[in-house]
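In my numbering, the protein residues as written are 2 to 343.
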Ligand SMILES: NC(=O)C1=CN([C@@H]2O[C@H](COP(=O)(O)OP(=O)(O)OC[C@H]3O[C@@H](n4cnc5c(N)ncnc54)[C@H](O)[C@@H]3O)[C@@H](O)[C@H]2O)C=CC1
Ligand SMILES: C[C@@H](CO)CCC[C@@H](C)[C@H]1CC[C@H]2[C@@H]3[C@H](O)CC4=CC(=O)CC[C@]4(C)[C@H]3CC[C@]12C
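The structure is reproduced here in structure tokens:
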């Protein structure tokens, strides 16, 4: 997105634990693309990568709500990693920092209270217990508190945080898992969540586009945007998690069975708790990390949608991809997954 949309771009540095072969394709244009294999938990590696950069977009993170990694590792990557990025900016004189936060910093909370088409000012009791949202909330706080700190050279650091709702689009691993599960079940998925529970979703291309706009505008609108949070949204429809996925999986041949959940909620909760027990029992032998656990069930079962225009008012954000385009691109990607699975 930066290469396509940012005419001022002179160099793009990509810092990641895992560098994919797709990065090579980015190196064929006029802009210098530097891929750096590194770990955000290693302060010296981060500082070396950041040195001389005008803007840092910090999106690296450990996204795990399935119990694959320990809470300590999630904290180390998401919180200490973010601290290292902030310190790298301060020490090397980089003034603009954009952080990819998450809607999870707000909710759904542990009480399962609905957040219905809320905005950045909607009151909501943000209380977390799970390591992932806890880590994102702490990291976001660090980023916002760092706004105004003096960087090398004496000028103030300008930071802001973007909070995407559930991201979908090309490369969406959970969508791929649902697709394969549906194929295994003879082209069917079974409704587990009431259709009335709305879940916020945003297309990956629009998430990237919002980051590019913020990176571009942060310098000129530092007083307005510095220290601010923005929900990251687009015109994707408000639907339940499962009904939304069917927008893509339906055209790929899957069917969602049931107009109402086929299993009662208490049974789902029981199965989710059983999965936690199995995960713990099997841990010495293998990693058992199914999609269903008490946390993911609560996430999917609690309304959380945003309706805001703060990003449009502050930096002129309009989604780059319409809903129709986002949908078509995602369907094409699922179909390609299907092709590669055969
Ligand atoms: N997937 C979603 O629905 C949402 C994701 N987010 C946030 O967006 C960001 C990107 O998430 P996704 O693309 O979903 O996850 P992802 O797992 O696809 O991407 C995370 C990237 O961070 C890199 N990374 C992980 N640990 C690292 C480390 N120690 N050092 C350097 N790089 C490391 C990974 O290699 C990967 O490329 C994360 O910060 C996540 O918290 C926010 C809202 C929703
Ligand atoms: C009970 C199952 C029946 O089909 C459905 C389980 C779905 C869950 C795996 C997902 C429901 C909500 C998702 C999360 C949500 O979109 C918000 C997120 C934000 C992030 O920052 C990271 C990813 C995620 C936690 C996302 C993860 C998958 C769900 C829990």
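Glycine included, every Cβ here is placed at the ideal spot set by N, Cα and C.
None of these values were measured; they are calculated from a predicted model.
Using C-beta distances below 7 Å, list every residue in its chain close to residue 318, excluding the 5 sequence neighbours before and after it, in chain order. Closer than 7 Å at Cβ, skipping near neighbours: 211, 214 and 312.
Note the first and the last residue of the continuous beta strand (DSSP E) segment covering residue 118. Residues 116-119.
Can you look up residue 73 in the DSSP assignment and give me helix, strand or coil? Three-state result, residue 73: helix.
Test item: CB-CB of residue 199 and residue 83 under 7 Å: Their beta carbons are not under 7 Å apart, which means residue 199 does not touch residue 83 by this criterion.
Helix, strand or coil, according to DSSP, for residue 111 in the structure here? For residue 111, the secondary structure class from DSSP, reduced to helix, strand or coil, is coil.
At least 3 beta-carbon pairs within less than 8 Å: the region 64-75 vs the region 108-116: No: the two stretches stay apart, fewer than three of their Cβ pairs being nearer than 8 Å.
Determine the extent of the beta strand (DSSP E) in which residue 306 is found, giving its start and end residues. Segment 305-307, the beta strand (DSSP E) holding residue 306.
For residue 19, count the other beta carbons within 10 Å of its own beta carbon; 16 or more makes it buried, fewer makes it exposed. Which is it? It is exposed - the Cβ of residue 19 has fewer than 16 other Cβ atoms within 10 Å.
Taking one C-beta from the region 282-292 and one from the region 139-152 each time, how about it: are there three or more such pairs within less than 8 Å? The region 282-292 is not in contact with the region 139-152.
Minimum C-alpha distance to residue 248 - residue among 276, 60 and 324: A check of alpha carbon separations from residue 248 across 276, 60 and 324 identifies 324 as the nearest.
Counting only the same chain and skipping the five closest in sequence on each side, list residues whose C-beta sits under 7 Å from that of residue 58. Here the set comprises 99, 212 and 216.
Check whether residue 106 and residue 151 have beta carbons under 7 Å apart: Taking C-beta atoms as the reference points, residue 106 and residue 151 fail to come closer than 7 Å.
Taking Cβ positions, are residue 327 and residue 204 nearer each other than 7 Å? Yes, the Cβ-Cβ distance between residue 327 and residue 204 is below 7 Å.
Hey, would you say the C-beta of residue 304 is under 6 Å away from at least one heavy atom of ligand 4? With respect to ligand 4, the structure shown offers nothing to examine, as its ligands consist of ligand 1 and ligand 2.
Residue range of the beta strand (DSSP E) that residue 33 falls in? Looking at the DSSP string, the run of the beta strand (DSSP E) that includes residue 33 is 33-38.
Through-space distance from residue 48 to residue 88, alpha-carbon basis: One C-alpha to the other measures close to 8 Å.
Starting from residue 296, follow the alpha helix (DSSP H) in both directions and report where the run begins and ends. First-last of the alpha helix (DSSP H) with residue 296: 295-301.
Distance cut-off 6 Å: residue 57 Cβ against heavy atoms of ligand 1: No, ligand 1 has no heavy atom inside 6 Å of this Cβ.
Which residues bound the beta strand (DSSP E) around residue 164? Where residue 164 is concerned, the enclosing beta strand (DSSP E) stretches over 159-165.
Can you name, in chain order, every residue of its own chain whose Cβ lies under 7 Å from the Cβ of residue 78, other than the five neighbours on each side? The answer, listed in chain order, is 41, 42, 62 and 63.
Taking the straight line between their C-alpha atoms, what separation do you get for residue 17 and residue 33? Here the alpha carbons of residue 33 and residue 17 stand approximately 17 Å from one another.
Confirm, please, whether the CB-CB distance from residue 157 to residue 149 is below 7 Å. Yes, the Cβ-Cβ distance between residue 149 and residue 157 is below 7 Å.
Bounding residues of the alpha helix (DSSP H) (the contiguous stretch that carries residue 93): For residue 93, the enclosing alpha helix (DSSP H) begins and ends at 82-93.
So the candidates are 39, 273 and 290; which of them puts its Cα closest to the Cα of residue 280? Distance check between residue 280 and each of 39, 273 and 290 places 290 closest, using alpha-carbon atoms only.
I'd like to confirm the pairing. Which residues does DSSP put opposite residue 101 in its beta bridges? DSSP output for residue 101 lists 163 as bridge partner(s).
Can you check the region 201-227 for any beta strand (DSSP E) of at least 3 residues that lies completely inside it and give the ranges in chain order? Segments of the beta strand (DSSP E) lying fully in the region 201-227: 202-204.
What I want to know is whether the C-beta of residue 247 ends up closer than 6 Å to one or more non-hydrogen atoms of ligand 2. If you check the C-beta of residue 247 against ligand 2, you find no heavy atom less than 6 Å away.
In whole angstroms, what is the alpha-carbon distance linking residue 275 and residue 46? Residue 275 and residue 46 have their alpha carbons spaced roughly 41 Å apart.
Any chance the CB of residue 242 is under 6 Å from a heavy atom of ligand 2? At least one heavy atom of ligand 2 is nearer than 6 Å to the Cβ of residue 242, so yes.
Close beta carbons around residue 4, own chain, < 8 Å, minus the five adjacent residues each side: The answer, listed in chain order, is 10, 13, 27, 30, 32 and 34.
Inter-residue spacing [alpha-carbon to alpha-carbon] between residue 329 and residue 253: The C-alpha of residue 329 lies about 11 Å from the C-alpha of residue 253.
Looking at C-alpha atoms only, which residue of 192, 172 and 208 is the closest neighbour of residue 336? Looking at 192, 172 and 208, the one whose alpha-carbon comes closest to that of residue 336 is 172.
Which listed residue (261, 51, 117 and 60) has its alpha carbon closest to that of residue 96: It is 51.
Validate contact between the region 178-193 and the region 121-135 using beta carbons, cut 8 Å, 3 pairs: In this structure the region 178-193 does not lie against the region 121-135, because fewer than three pairs of beta carbons, one per stretch, are closer than 8 Å.
Can you tell me which of the three DSSP states residue 233 falls into? Strand at residue 233.
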